[in-house]
Amino acid sequence: MRERLLATEKVKSIDWCEGRLRLLDQRRLPMQEIWQTCDTAADVASAIREMVVRGAPAIGICAAYGLAMGLRTRLAEGGDWRLALEEDFRLLAESRPTAANLFWALRQMRERLERLKPGEDPLVALEAQAASIHASDREANLTMAQFGLELIRKHRGSPQNLLTHCNTGALASGGFGTALGVIRAAHLGGLVECVYVGETRPWLQGSRLTAWELQGEGVPVCVHADSAAAHLLKTRAISWIIVGADRIAANGDVANKIGTYSLAVLAMHHGVRFMVVASTSAIDLTLESGDDIPLEERAGTELLEVNGQRCAADVETFNPVFDITPADLIDVIVTEKGVVERPSTAGIEALLSHRRLH
Ligand code: MRU
17 MRERLLATEK VKSIDWCEGR LRLLDQRRLP MQEIWQTCDT AADVASAIRE
67 MVVRGAPAIG ICAAYGLAMG LRTRLAEGGD WRLALEEDFR LLAESRPTAA
117 NLFWALRQMR ERLERLKPGE DPLVALEAQA ASIHASDREA NLTMAQFGLE
167 LIRKHRGSPQ NLLTHCNTGA LASGGFGTAL GVIRAAHLGG LVECVYVGET
217 RPWLQGSRLT AWELQGEGVP VCVHADSAAA HLLKTRAISW IIVGADRIAA
267 NGDVANKIGT YSLAVLAMHH GVRFMVVAST SAIDLTLESG DDIPLEERAG
317 TELLEVNGQR CAADVETFNP VFDITPADLI DVIVTEKGVV ERPSTAGIEA
367 LLSHRRLH
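Sequential numbering from 17 applies to the sequence shown in my numbering.
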């Protein structure tokens, strides 16, 4: 399956080339394919904040490259580069609040700096560390795709309808995607009849990005309004809802795109299995439960405007862009280290301590 997945690789959204970061602008897809170049840590922080690049793993990878570019600038400025680099750490860490991968990647970069040997070139070290974070995310995607495929096949070995939310594909990661990587593998394994994708208001990551990625690979895909989900689960036989995660608390509660929680409640009501796919870099053991996860709220204009045109009255808005799905609504969390069925604090602990390898 690994080789077959590798052969399908088409979409790439992050390109590190000669010390510069090129990003496929995800705000314009699928109508326009425009690449934006970042030369500084501030450029990357702004690209993350403005959603040029999005998706938890992709944000982490870009922050790592951003920090390497920050170091290059600080070295050229002369003076105390370690002190000056703290400003880049801060800027990147403040770009978006929810995805654990962002803080995880910055931590990896900091730890690499702490391990510098006397005489070692810090820029070479940080660039290599960022590239390694990128490469390991791709590897994790491949492993998770296989674990997820096995779970789907174990349940039923024939083509079935799957449902996903937001975009968790090549655009959101360093490789094939998390939830969408599993769906890709399921398609290659002959297990997909149709993939139902919620629009994912207000940024439309589902209809603009996921549908585009799947269509490009010839995977049967059908877009629905987010509010059609209950009716869809009642009327079309869906066997799995498969989503990604921005952060997973120690007890297995999951922060993901707004609407994920509603889907999990609906899945429970309709007896549909609910799978979360995320690498262990999304797990935050410092937070006991989902209640502690900081949830981003974005500007109300995202709700009141369409394509920059006002389409609603000038009223107060509530625009949280993530929600928390409690662990007890989740059947299984798939990571590159193995799977946790009926997630709990003990299950997550066992996964990370390698006591329960897949
Ligand atoms: O606001 P976004 O588009 O960055 O939100 C993305 C999601 O919620 C994804 O489901 C999550 O980051 C996992 S991506 C592999």
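Glycine included, each C-beta is placed from N, C-alpha and C at the ideal position.
Original post:
When the Cα of F105 is compared with those of G95, E93, T114 and Y81, which residue comes out closest?
Top reply: As a working mapping, residue 105 is identified with position 89 in the sequence shown. The shortest C-alpha separation from F105 is found at Y81.
**OP:** Could you pull out every residue in the same chain whose Cβ sits closer than 8 angstroms to the Cβ of V235, ignoring the five residues on either side in sequence?
**Re:** Here the question's residue 235 lines up with position 219 in the sequence shown. Closer than 8 angstroms at Cβ, skipping near neighbours: I199, R200, H203, V208 and V211.
Original post:
Which residue's Cα is closest to the Cα of P359: L345, H370, D339 and R169?
Top reply: Taking the sequence shown and counting its residues from 1, the one referred to as residue 359 is at position 343. Taking only the C-alpha atoms, the option nearest P359 is L345.
Original post:
Alpha carbon to alpha carbon, how far is G197 from T53?
Top reply: Counted from its first residue, the sequence shown places residue 197 at position 181. Counted from its first residue, the sequence shown places residue 53 at position 37. Their Cα atoms are separated by approximately 27 angstroms.
**OP:** Measure from the alpha carbon of V270 to the alpha carbon of each residue in V350, E215, T226 and R224, then state which is nearest.
**Re:** Translated into positions along the sequence shown, residue 270 becomes position 254. V270 has its Cα closest to that of V350, out of V350, E215, T226 and R224.
Original post:
Is any heavy atom in the ligand FAD found nearer than 8 angstroms to the beta carbon of K133?
Top reply: Among the ligands in the structure shown, the ligand FAD does not appear; only the ligand MRU can be found there.
Original post:
What are the start and end residues of each continuous alpha helix (DSSP H) run of 4 or more residues lying completely inside the segment 270 to 310, in chain order?
Top reply: 276 to 286
Subject >> For L220, three-class secondary structure by DSSP >> reply: The residue given as residue 220 occupies position 204 in the sequence shown. Three-state DSSP puts L220 in coil, outside helix and strand.
Subject >> Proximal residues to A58 (C-beta, below 7 angstroms), its chain only, five neighbours per side dropped >> reply: On the sequence shown, position 42 is the one that residue 58 refers to. Once the five neighbours on either side are set aside, the close Cβ partners of A58 are L107.
**OP:** Within 10 angstroms of the Cβ of M125, are there 16 or more other Cβ atoms? Answer buried if so, exposed if not.
**Re:** The count along the sequence shown starts at 1 and reaches residue 125 at position 109. Buried, by the Cβ-count rule.
**OP:** Check whether the segment 266 to 286 touches the segment 32 to 46, taking contact to mean three or more Cβ pairs, one atom from each stretch, closer than 8 angstroms.
**Re:** no
**OP:** Just confirm the distance between the C-beta atoms of E229 and L187, as a whole number of angstroms; I'd bet it's less than 8 angstroms.
**Re:** Taking the first residue of the sequence shown as position 1, residue 229 is located at position 213. Taking the first residue of the sequence shown as position 1, residue 187 is located at position 171. Sure, about 7 angstroms apart at Cβ, within 8 angstroms.
**OP:** State buried or exposed for R128, treating a residue as buried only when at least 16 other CB atoms are found within 10 Å of its CB.
**Re:** Here residue 128 is taken as the residue at index 112 of the sequence shown, counted from 1. Buried, by the Cβ-count rule.
Subject >> Burial state of C78 (16 or more Cβ within 10 Å) >> reply: Against the sequence shown, residue 78 aligns to sequence position 62. Looking at its Cβ environment, which holds 16 or more other Cβ atoms inside 10 Å, C78 is buried.
**OP:** Can you give me the Cβ contacts of T361 inside the same chain, cut-off strictly under 6 angstroms, excluding the 5 residues immediately before and after it?
**Re:** Along the sequence shown, one-based indexing puts residue 361 at 345. For T361, where only same-chain residues beyond five positions count, the Cβ hits under 6 angstroms are A266 and N267.
**OP:** State the DSSP-derived secondary structure class of H374, mapped to helix, strand or coil.
**Re:** Locating residue 374 in the sequence shown gives position 358, where the first residue counts as 1. Only weak support exists for where H374 lies, its pLDDT of 46 falling under 50; the coordinates are left without a value.
Subject >> Reduced DSSP secondary structure (H/G/I, E/B, other) of H203 >> reply: The residue you call residue 203 lines up with position 187 of the sequence shown. Three-state DSSP puts H203 in a helix.
Original post:
Grouping DSSP H, G and I as helix and E and B as strand, with all else coil, what is C33?
Top reply: Position 17 of the sequence shown, counted from the first residue, corresponds to residue 33. In this structure, C33 counts as strand in the three-state DSSP scheme.
Original post:
For the beta strand (DSSP E) that contains H2, what are its first and last residues?
Top reply: The chain is shown only over 17 to 374; residue 2 falls outside these bounds and no answer can be derived.
Original post:
For C54, which three-state DSSP category applies?
Top reply: The sequence position of residue 54 within the sequence shown is 38, counting from 1. Of the three classes helix, strand and coil, the one that applies to C54 here is strand, per DSSP.
**OP:** Ignoring anything shorter than 3 residues or poking outside the segment 122 to 196, list the beta strand (DSSP E) runs there in chain order.
**Re:** 176 to 180
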